[in-house]
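All the letters of the sequence shown, read from the start, carry residue numbers 2 to 599 under the numbering used here. Backbone N, C-alpha and C define an ideal beta-carbon position, used for all residues, glycine too. Only a predicted model underlies this, so the values are computations on that prediction, with no experimental measurement involved.
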Amino acid sequence: MSNRAALADFGGVFAEPLAQACLVGMVLNLTACMASGFFWRRDRAEGFLAYWSAGYAFGALRWVATYFALRHDAPAAVLLAGLSASAALSLELTGAYSLIDQRRKSLRTMFLGLLAILVTLTLASVSHNMLAPVFGMVSLAILGSAAAIFWRAHAVQPLSAYRIAAFAMLFNFVAWALGLALMGRTFVITIFPPLLTLPTMIAFFSIAYQRALANVRDSEQTVNTLFDTVPMPVVISRPPEGAIERFNRRAQELFGLNADVHIGKSAPQSGMVADIEKCDAMHLELAAGRDVRNSEGLYRTTSGQPLQMSVNASRVELRDGVRYVFALYDLSDIRRVEQALQELNASLEQQVADRTRDLESFSFSVSHDLRAPLRAIDGYAAMLADEAGESLSAPALACIARIRENCQRMGQMIDAMISMARLGAARFEPTLVDISALAAEIARDLETADPQRRVEVRIEPWMRATADIGAVRVILENLMRNAWKYSSKVPLAQITVGSETRGSTRVYFVRDNGAGFDMQRAGELFQPFARLHDAAQFEGDGIGLATVARVIRSLGGRIWAEGKPGEGATFRFTLGPAEARQREADAARNNPGGRKST
């Protein structure tokens, strides 16, 4: 056969009414399938479009199978047409049913149940050659059900497209009923059945369009509600002039803005900004693509009241251009609180100064008024021992000696109390302290004062900290003297001064292998005049550790101790804020060559 003859035969096929009807049905269904799929891909939340897209795809397959079934009377094509029609009707009706906001599980049950019924009817009608009348009645039932579903959807969520769809389904129901009643099988092979798809398609697309508009309105309403309920002022402007495009309710209340007056003006033009240069600098940062964070500036209300604000601003890219979003935080209350705290601190400092003067007066009174009677008692006891010593008995002389000893002891205690009080009232000046060098100097003094003892002193090198050098000297001197004293009964005494890291904190320690102590009485260690050992074994006034604890608390640190009787003790302490001190110590440790002699 020649190409012209084949083309003529091909054209002749499509000149038949059946072929034209099936071709129109296939094209319309494919068009509706692609359009529904396109809209669904843009908004996956609209699940009914996925059902309809799949339904239209099966509808197109149904018309292709219908052509071969009617023209060639092929049983396989008849079965395929029936099954395709079953799937198409099930999917389209389930998609319509989903518009009533049914749950997904209910939709699956609806689809599977309807599909099972229609497939069963298809298989039964094919075997008895009753496919056309059965599906004619099924189509009428489906169209009637769809009309009722759309009407119900309109009642649940009023939408004019739902009503249009209900009427389109009702129109199709009447047209199918009349066509089948008047023309029967002839009606199926005409152009009218596929053309009846058009009202349904128009109704379906109207639903998709109106629901998309409704979703946009809902989203816009949600954004507007959230925008207005943000508890801080938010202003949106349009570059490059910075014209105000929108502001929320909080900005309106705080600044007294009016949409009719201030929309379209820049912030300086509206009178909001008092510091114009800082405002221009923020716009330059945003124009360069950099966000602005915590920029403080002076603003004012429309009535002229000044406001201290902290501003965070971002550049936002939108479809219709760039926007600058400014979120402002009112610092006025914080500044008032800071002012009140400064005044309170000044008042407290004045109270401390007054109490310091009182303490100095008390110290002067103690040093003069209490010492004078003590000196008198000690002097008279000495005179009594010198003048009447030969006539007094040995017990009487021992009593006089004990009187003098206790007078001297009380004088030492008064001196210790005064020293501790002065330390508590002292002001500390932080500086970089070489703890290792300071500990070595104290160790040399101890060895010089007690040369007959052999004590192994180990000091960790390059220990440095940021603290008051006088306070650190008091701490180390008391702790090392304490270790020197309580290790005096040990044949080979060992004293270690070192440091360790616990988390982000540098902890210093002084360790000895001396008498130790019972941990159950550890709470008494830092109490004034408390002693855990017999004074006959170890001399002292019981004020050294209390002095150390008070100084360390003044620096903002803490001290604690660990020990066992006969196995020595370890005193650990920190010297205040760890972060700055750690940086200093680590810098010194990592760069030992950076020491400078003075």
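Residues near Ser85 by beta carbon distance below 8 Å, same chain, minus five either side: Phe59, Gly60, Leu62, Arg63 and Ala66
Uninterrupted alpha helix (DSSP H) stretches inside the segment 39-105 (no shorter than 4 residues): 48-73 and 76-99
Which two residues bound the contiguous alpha helix (DSSP H) that contains Met520? Neither: Met520 is in no alpha helix (DSSP H) and is coded neither H nor E.
Where does the unbroken alpha helix (DSSP H) through Lys279 begin, and where does it stop? Ile277 to Ala288
Continuous alpha helix (DSSP H) assignments of at least 4 residues falling wholly in the segment 314-400: 333-366 and 372-388
Taking the alpha-carbon of Pro195 as reference, which of Leu179, Asp334, Ala22 and Tyr300 has the nearest alpha-carbon? Ala22
Validate contact between the segment 70-84 and the segment 44-55 using beta carbons, cut 8 Å, 3 pairs: no
Would you check if the distance between the CB atom of Val312 and the CB atom of Val326 is smaller than 8 Å? If you check the CB distance, Val312 and Val326 do not come in under 8 Å.
I believe Ile553 touches Ile544 by the beta-carbon criterion, under 8 Å. Please report the beta-carbon distance rounded to the nearest angstrom. Rounded, the Cβ-Cβ distance is 15 Å, inconsistent with contact.
With DSSP collapsed to three states, give me the class of Pro195. helix
Integer Cβ distance of Gly180 from Phe193, believed to fall under 8 Å: 6 Å
7 Å CB neighbourhood of Glu17 in its chain, flanking five on each side removed: Cβ within range, chain order: n/a, list empty.
Where does the unbroken beta strand (DSSP E) through Gln495 begin, and where does it stop? Ala494 to Arg503
Contacting residues, own chain, Cβ-Cβ under 6 Å from Met202 (five flanking each side not counted): Ala33
CB-CB under 8 Å to Lys266, same chain, minus the five flanking residues each way: which ones, in chain order? Ala244 and Ile245
Are the segment 149-162 and the segment 90-100 touching by the rule of at least three beta carbon pairs closer than 8 Å? yes
Tell me the DSSP secondary structure of Pro241 in three-state form. coil
Decide if the segment 456-464 is in contact with the segment 499-508; the criterion is three or more beta carbon pairs, one per stretch, under 8 Å apart. Yes: at least three Cβ pairs fall under 8 Å.
Same chain, Cβ closer than 6 Å to Ile378, neighbours up to 5 away in sequence not counted: Cys408
Evaluate the contact criterion for the segment 233-241 versus the segment 203-221: three or more CB pairs, one atom per stretch, below 8 Å. Result no; under three Cβ-Cβ pairs closer than 8 Å.
In its own chain, which residues sit with a C-beta less than 8 Å from the C-beta of Leu477, not counting the 5 before and 5 after it? Only residues of its own chain outside the window of five on either side were considered, and among them Ile436, Leu439, Ala440, Ile443, Val498 and Val511 have a CB closer than 8 Å to the CB of Leu477, listed in chain order.
Would DSSP call Arg405 helix, strand or coil? In this structure, Arg405 counts as helix in the three-state DSSP scheme.
Going by the DSSP bridge assignment, what does Met310 pair with across the sheet? Gly298 and Asp331
So for Asp229, helix, strand or coil by DSSP? helix
Specify the secondary structure class of Thr201 as computed by DSSP and reduced to three states. helix
Have a look at Pro134, Leu92 and Leu393 and flag the residue whose alpha-carbon is nearest the alpha-carbon of Ala117. Of the candidates Pro134, Leu92 and Leu393, the one whose C-alpha sits nearest the C-alpha of Ala117 is Leu92.
Quick check on this structure: which residue in Ala468, Gln521 and Leu493 has the alpha carbon closest to the alpha carbon of Tyr509? Ala468
Give me the residue from Tyr210, Ala382, Phe172 and Thr548 with the minimum Cα distance to Trp41. Tyr210
Which runs of the alpha helix (DSSP H) at least 4 residues long sit entirely within the segment 450-499? Give them in chain order. 470-487
Could you tell me if Leu183 is buried or exposed, where buried requires 16 or more neighbouring beta carbons within 10 angstroms of its beta carbon? exposed
Would you check if the distance between the CB atom of Arg239 and the CB atom of Gly322 is smaller than 8 Å? yes
Using only the alpha-carbon positions, how far apart do Ile165 and Pro269 sit? 53 Å
Burial state of Phe39 (16 or more Cβ within 10 Å): exposed
How big is the Cα-Cα spacing for Gln253 and Asp229? 10 Å
Which residues in the same chain as Ala1 place their Cβ atom closer than 6 Å to its Cβ, once the five residues preceding and following it in sequence are excluded? Residue coverage of the chain in this structure runs from 2 to 599, which leaves residue 1 outside it and unanswerable.
Are Gly577 and Leu556 closer than 8 Å when you measure CB to CB? yes
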